[in-house]
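Everything below concerns the one structure shown next.
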Amino acid sequence: MIKSTAMFEKQLFKAADKLRKNIDAAEYKHIVLGLVFLKYISDSFEELYQKLKEGKGEFEGADPEDKDEYKGENVFWVPPVARWNYLHSRSKLPTIGKDIDDAMEAIEKENPSLKGILAKVYSRPNLDKTALGSLIDLIGDTAVGNEAAKSKDILGRVYEYFLGEFANAEGKKGGQFYTPKSIVKLLVEMTEPYKGRVYDPCCGSSGMFVMSEKFILEHAGKIDDISVYGQESNQTTYRLSRMNLAIRGIDSTQIKWNSEGSFLKDAHPDLKADFILANPPFNQDEWGRDVLQSDPRWKYGLPPAGNANFGWMQHMIYHLAPKGIMGLVLANGSLSSNSGGEGEIRQRIVEDDLIDCIVALPKQLFYNTGIPACLWFISRKRSGNGDRKRTGEVLFINASELGVMEDRTHRVFDEKDIRKVVDIYHNWRKPNGKYEDEKGFCMSAKIDEIQKHNFVLTPGRYVGIPDEKDDGISFEVKMAELTGKLAEQMEKEKGLDEEIKEQLSKIGFKI
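Quick note: the sequence shown, position 379, residue 384 per the numbering used here, numbers continuous.
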C-alpha cells in the first residue's frame with residue numbers, strides 16, 4: 006500500500022506515461038482516468054458488498070446481490086466481470102484490453118446514469134497491454150473508493166493532479182479543458198456559492214463545480230445545498246466532467262453535451278442561476294453570429310463575428326437570477342477593446358450597473374495561453390439587501406504582480422494571494438467590512454470616473470502606481486552618492502580609453 010497520496014499521484018502518472026508510446030496525450034488521459042474511475046466505483050461497491058454480506062446492524066438480513074441495496078446507498082452496482090479483483094487477476098493476459106472494454110460496457114448497462122460516459126478503447130491494437138497491466142497493478146495497490154479513502158479525498162486529489170499534469174503535457178491544446186486550480190478557487194471564494202443553482206456554460210472537466218462543493222463542505226454546508234448545471238461541446242471532455250462529478254457524489258444529470266455548444270443549442274434555455282462560474286475560450290471566433298443576430302441574449306449589443314468574449318458574457322448575464330452573481334475569466338482585451346462594437350457593449354453593461362469587480366491577473370497562469378487574463382464579477386445584488394450598497398461603483402483590483410512561479414513557465418496564486426484579493430472584495434462588499442483604496446492595488450471607482458476613461462476597465466488606469474517606500478535617505482544624500490559613483494566610473498573609463506589607444510599604437514594604429 007502506498008502511504009503518501011502525493012507519492013501515489015507521481016507513481017501513477019509515471020506508470021501511465023508508459024502508455025503514451027503510440028497514443029496522443031489527448032487520448033491517453035481518458036484511458037488512464039477511466040481506469041482510475043473504474044477502481045473507485047469498484048472499491049465503493051466492494052466495501053458495501055462486504056457490509057451487506059456480514060449483515061450486521063442496519064444491514065441485517067440484506068442481500069448483497071440485491072441491486073436496490075446499492076442504489077439506496079448511492080453506490081454504483083458493479084457486475085462480476087467489472088469488479089477490480091477480477092480484472093486485476095487478468096492484468097497479465099493479452100486479452101486485458103478487451104476485458105476492460107467489456108467491464109465498462111457492463112457497468113454502463115447496469116447504471117443508466119453512466120451511459121455513454123465510460124471510454125471503451127482499451128482493446129485498441131496500439132495500446133501497450135504490458136504497460137496497461139502494470140498500470141492496473143499499481144492502481145490496485147491503493148484504495149481510492151472506500152470510506153477511509155473518500156474521507157481523505159484520495160481519488161479527487163489524484164484526479165485533480167492528473168488533469169493538471171495532462172494539461173501541462175498537452176500545453177495549449179490540453180489547457181482547453183482545465184482551468185488552473187488557484188483561479189477556480191479564487192472565483193469560488195469571491196462568489197461564495199453556499200446555496201442554489203450553479204451554472205457553467207462551458208464546463209470542461211467541471212472544476213468549477215468540484216471547487217464549489219469543496220467550498221460548501223469547508224463552511225459546514227451539504228453537497229445537496231447546490232445543484233449544478235453545465236454544458237460542454239467536446240464529448241470526451243464531457244465524459245471527464247461527468248466522471249469527475251460522479252467520484253464526488255455530485256449529481257451530474259444536468260451536465261449536458263451537444264456538439265453545437267451553448268450559443269447555437271443552449272441546453273438550459275430557461276435556467277436562471279444563482280451563481281455562474283466560467284472560463285470560456287479566449288477570443289473565440291466562428292461562434293455562430295450569422296445565425297444568431299436577433300437572439301434575445303444580446304441585450305447590450307451583437308458581439309463581433311471574430312470574437313465571442315461579449316457573447317459569452319451576455320449569455321451568462323441572460324441566465325443570471327435576479328439576485329445572482331457571476332465570475333468569469335476573459336482575455337484582457339475585453340477590458341479595453343473597441344473593435345466590432347465591443348466598446349459600446351462594455352459601456353452599456355457598465356451603465357446598467359452590473360459590474361461589481363474587475364481583477365487583473367498576472368501572466369503565465371494558464372496552460373493553454375500566454376495571453377494576460379482578467380476576472381469579471383457581475384452582480385444583480387448591488388443595492389443592499391444584506392450587502393453594502395454599491396450601486397454606481399466598480400471595484401478595481403490589480404493582482405498582476407501576485408503569484409509565485411510553480412516552475413519555469415507556470416505561475417500560481419498561493420493561499421496568501423487568494424486571501425488578499427478575496428478579503429479586499431468582501432470588505433468592499435459586506436456591510437461591516439473595512440475597505441480603503443490601496444494605491445497600486447485596488448480602488449473603488451464611480452461610473453462617472455469610468456466614463457472619463459471612455460469605459461476602459463483596465464485596473465491599472467484606476468489604481469495607479471504604488472508609492473515607493475521611503476528609505477529615510479534624503480534626496481541630496483542620494484544624489485551626492487550617485488554623482489560620486491558616476492565620477493568614479495568616468496575616471497575608470499578614461500583610463501581604459503588610454504590603454505586601448507596605447508595597445509592599438511603598438512600594432513601600428515593611432516587614434
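Where is the CB? At the ideal position from N, CA and C, for every residue including glycine.
These figures come from a predicted structure and were not determined experimentally.
Please go through the same chain and pick out, in chain order, the residues whose beta-carbon is closer than 7 Å to the beta-carbon of Y467, but skip the five residues on each side of it.
Same-chain partners within the cutoff: F401, M448, A450.
At which residues does the beta strand (DSSP E) containing P327 begin and terminate?
Segment 325-336, the beta strand (DSSP E) holding P327.
Sort D73, A485, G346, P301 by Cα distance to N314 and report the nearest one.
The residue with the shortest Cα to Cα distance from N314 is G346.
Going by DSSP in three states, F182 sits in which element: helix, strand or coil?
Residue placement at F182 is poorly supported in this model, since its pLDDT is 48, which falls under 50; the coordinates still yield a value, given next. F182 falls in the helix class under three-state DSSP.
Thinking H35 and T184 are a contact (beta carbons under 8 Å), I'd like their distance in whole angstroms, please.
No, H35 and T184 are not in contact; Cβ-Cβ is about 19 Å, not under 8 Å.
Mind the definition here: the segment 103-113 touches the segment 60-77 only if three or more C-beta pairs lie below 8 Å; say whether that holds.
With the cut-off at 8 Å, the segment 103-113 and the segment 60-77 do not touch.
How would you write the range of the beta strand (DSSP E) that W262 sits in, first residue to last?
Segment 260-262, the beta strand (DSSP E) holding W262.
Pull up the DSSP beta-bridge partners for L400, would you.
In DSSP, L400 forms a bridge with C362, S449.
Only counting the same chain, and skipping five residues up and downstream in sequence, which positions put a Cβ closer than 6 Å to that of M321?
Taken in chain order, the residues that qualify are I281, M331.
Less than 8 Å separating the beta-carbons of I255 and E218?
Cβ distance < 8 Å, so I255 and E218 count as in contact.
Which of the three DSSP states is assigned to W381 in this structure?
The answer is strand: DSSP assigns W381 an E or B state.
CA-CA distance, R202 and Y234?
Cα to Cα, the separation comes out at about 7 Å.
Is the beta carbon of V409 closer than 8 Å to that of R416?
Yes.
Determine the contact status of P309 and S344, defining contact as a CB-CB distance below 8 Å.
In contact: P309 and S344 (Cβ atoms closer than 8 Å).
Using a Cβ-Cβ cutoff of less than 7 Å, which residues in the same chain neighbour P69 once the five nearest sequence positions on both sides are dropped?
So the list reads Y54, L57, K58, once near-sequence residues are dropped.
Count the other CB atoms within 10 Å of the CB of D142; is the residue buried (16 or more) or exposed (fewer)?
D142 is exposed by the Cβ-count criterion.
Which same chain residues end up closer than 6 Å to G306 when comparing Cβ atoms and leaving out the 5 residues on each side of it in sequence?
Cβ within range, chain order: G346, E349, I350.
Leaving aside the five residues before and after K3 along the sequence, list all residues of the same chain whose C-beta is less than 7 Å from its C-beta, in chain order.
Nothing can be reported for residue 3: it is not among the residues displayed for the chain, which extend from 6 to 516.
For my contact list, W317 and L297 are in at a C-beta cut-off of 8 Å; report their separation, rounded to the angstrom.
Rounded, the Cβ-Cβ distance is 13 Å, inconsistent with contact.
Note down the Cα distance separating S510 from K499, rounded to an integer number of angstroms.
Looking at the two C-alpha atoms, the distance is approximately 17 Å.
Could you pull the DSSP bridge partners for F280 from this structure?
DSSP, once it has assigned bridges, lists V203, I330 as partnering F280.
Here's a check: name, in chain order, each residue in its chain whose Cβ is nearer than 6 Å to the Cβ of R424, leaving out the five neighbours to either side.
Contacts found: none.
Would you check if the distance between the CB atom of F418 and the CB atom of S187 is smaller than 8 Å?
Closer than 8 Å, so yes.
If D361 sits next to R395, beta carbons under 8 Å apart, how far is it from one beta carbon to the other, in whole angstroms?
Their Cβ separation, rounded to whole angstroms, is 7 Å, which keeps D361 and R395 in contact under 8 Å.
Verify the contact flag: V86, CB atom, against every heavy atom of the ligand MN, threshold strictly below 7 Å.
Of the ligands one can find in the structure shown there are none, so the ligand MN has no counterpart to examine.
Quick one: what does DSSP say S342 is sitting in, helix, strand or coil?
Reduced to three states, the DSSP call for S342 is coil.
Here's the rule: buried if 16 or more other CB atoms are within 10 angstroms of the residue's CB, otherwise exposed. What is P436?
Classification for P436: exposed.
Looking at L366: is its Cβ nearer than 8 Å to the Cβ of L380?
Taking 8 Å as the Cβ cut-off, L366 and L380 qualify as a contacting pair.
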